[in-house]
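Under my numbering, residues 10 to 191 are what the sequence shown spells out, in order.
Positions of the beta carbon are idealized from the N, C-alpha and C atoms, including for glycine.
None of these values were measured; they are calculated from a predicted model.
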Amino acid sequence: MSELVSVMRATDAAARWHVHQRRKGAAQEPYINHLLEVARLVTDATDGIIPRVVIAALLHDAIEDQGITAETIASEFGQHVADIVMEVTDDKTLPKDERKRRQIESAPKKSREAKLIKLADKISNVRAVANSPVPDWSVERRHEYVEWAKEVVAGLRGTSPWLEKQFDEAVENAVRSLLPLG
């Protein structure tokens with residue numbers, strides 16, 4: 010199967026699996042927009058030469074958010090893709106603070122492929138804090154999210170200078186959005 014066919018199959022699967030999911034921000038964007046943004050960032054960072062990472066980027070939240078099994082991903086997209094998705098999947102049975110702590114601790118230990126996806130995911134999420142924040146998040150909570158994302162990304166640095174620059178710009182914009190007007 011051609012790589013383009015595999016990427017399009019993954020795009021279709023992601024759209025179907027997340028069809029009823031929306032982002033939490035004020036714009037309530039379809040969740041597929043986030044998955045496409047993460048995949049596009051990974052594609053740009055790698056010049057599109059690692060299709061399995063693009064596929065894993067498209068599917069990176071399928072297990073965590075939709076209960077899709079790693080076995081399903083492996084049977085449709087290969088074990089390597091399923092392994093990458095598992096590597097970026099949080100264990101939702103753990104308390105939120107523990108999951109966040111584990112993301113910080115595990116970031117430096119991830120494969121390069123997982124690091125690319127984590128970087129792109131954090132870029133997308135920090136951009137959302139600036140452009141379409143969750144309506145009930147206070148300025149303090151948004152600031153805490155950005156600071157936590159910076160801690161995660163500190164362990165991912167050295168993976169992709171281009172993605173790291175995109176993250177730093179997203180942080181600058183998010184911080185600017187948190188400042189009082191005037």
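- prompt: How many angstroms separate the CA atom of Trp157 from the CA atom of Lys109?
  reply: Counted from its first residue, the sequence shown places residue 157 at position 148. Counted from its first residue, the sequence shown places residue 109 at position 100. Just so you know, the alpha carbons of Trp157 and Lys109 end up roughly 8 Å apart.
Residue ranges of each alpha helix (DSSP H) within the segment 104 to 165, 4 or longer: Segments of the alpha helix (DSSP H) lying fully in the segment 104 to 165: 105 to 115, 121 to 140, 148 to 163.
- request: Please state whether DSSP places Pro189 in a helix, a strand or coil.
  value: For this step, residue 189 is matched to residue 180 along the sequence shown. When DSSP states are grouped into helix, strand and coil, Pro189 belongs to the coil group.
query: When you compare only the Cα positions, how much space is there between Glu114 and Ala179?
result: Looking up residue 114 in the sequence shown gives position 105. Looking up residue 179 in the sequence shown gives position 170. Taken atom to atom, the span from the alpha-carbon of Glu114 to that of Ala179 is near 22 Å.
- prompt: Where DSSP assigns a beta bridge to Arg31, which residues make up the other side?
  reply: Within the sequence shown, the letter at position 22 stands for residue 31. DSSP output for Arg31 lists Pro39 as bridge partner(s).
query: Hey, how far is the Cα of Ile126 from the Cα of Pro189?
result: The residue given as residue 126 occupies position 117 in the sequence shown. The residue given as residue 189 occupies position 180 in the sequence shown. Whole-angstrom Cα-Cα distance: 32 Å.
- request: Identify, in the order they occur along the chain, each residue of the same chain with its Cβ nearer than 6 Å to the Cβ of Ala83, setting aside the five sequence neighbours on each side.
  value: If you number the sequence shown from 1, residue 83 lands on position 74. Contacts found: Ala91.
- prompt: In whole angstroms, what is the alpha-carbon distance linking Ala116 and Glu122?
  reply: Taking the sequence shown and counting its residues from 1, one reaches residue 116 at position 107. Taking the sequence shown and counting its residues from 1, one reaches residue 122 at position 113. The alpha-carbon atoms of Ala116 and Glu122 are separated by roughly 12 Å.
Arg20 - containing alpha helix (DSSP H), residue span: Here the question's residue 20 lines up with position 11 in the sequence shown. In the sequence on display, residue 20 carries Thr and not Arg. Where Thr20 is concerned, the enclosing alpha helix (DSSP H) stretches over 12 to 26.
- prompt: What is the DSSP secondary structure of Thr168, counted as helix, strand or coil?
  reply: Locating residue 168 in the sequence shown gives position 159, counting from the first residue. In the structure shown, Thr168 adopts coil according to DSSP, grouped into three states.
- request: Would you mind stating whether His27 and Asp99 have Cβ atoms separated by less than 8 Å?
  value: Here the question's residue 27 lines up with position 18 in the sequence shown. Here the question's residue 99 lines up with position 90 in the sequence shown. No, the Cβ-Cβ distance between His27 and Asp99 is not below 8 Å.
query: Nearest to Val161 by alpha carbon, out of Ser141, Arg150, Glu181, Lys118?
result: As a working note, residue 161 is residue 152 in the sequence shown. Val161 has its Cα closest to that of Lys118, out of Ser141, Arg150, Glu181, Lys118.
query: Alpha carbon to alpha carbon, what distance is there between Arg61 and Val148?
result: Locating residue 148 in the sequence shown gives position 139, where the first residue counts as 1. Locating residue 61 in the sequence shown gives position 52, where the first residue counts as 1. Between Val148 and Arg61, the alpha-carbon positions lie close to 37 Å from each other.
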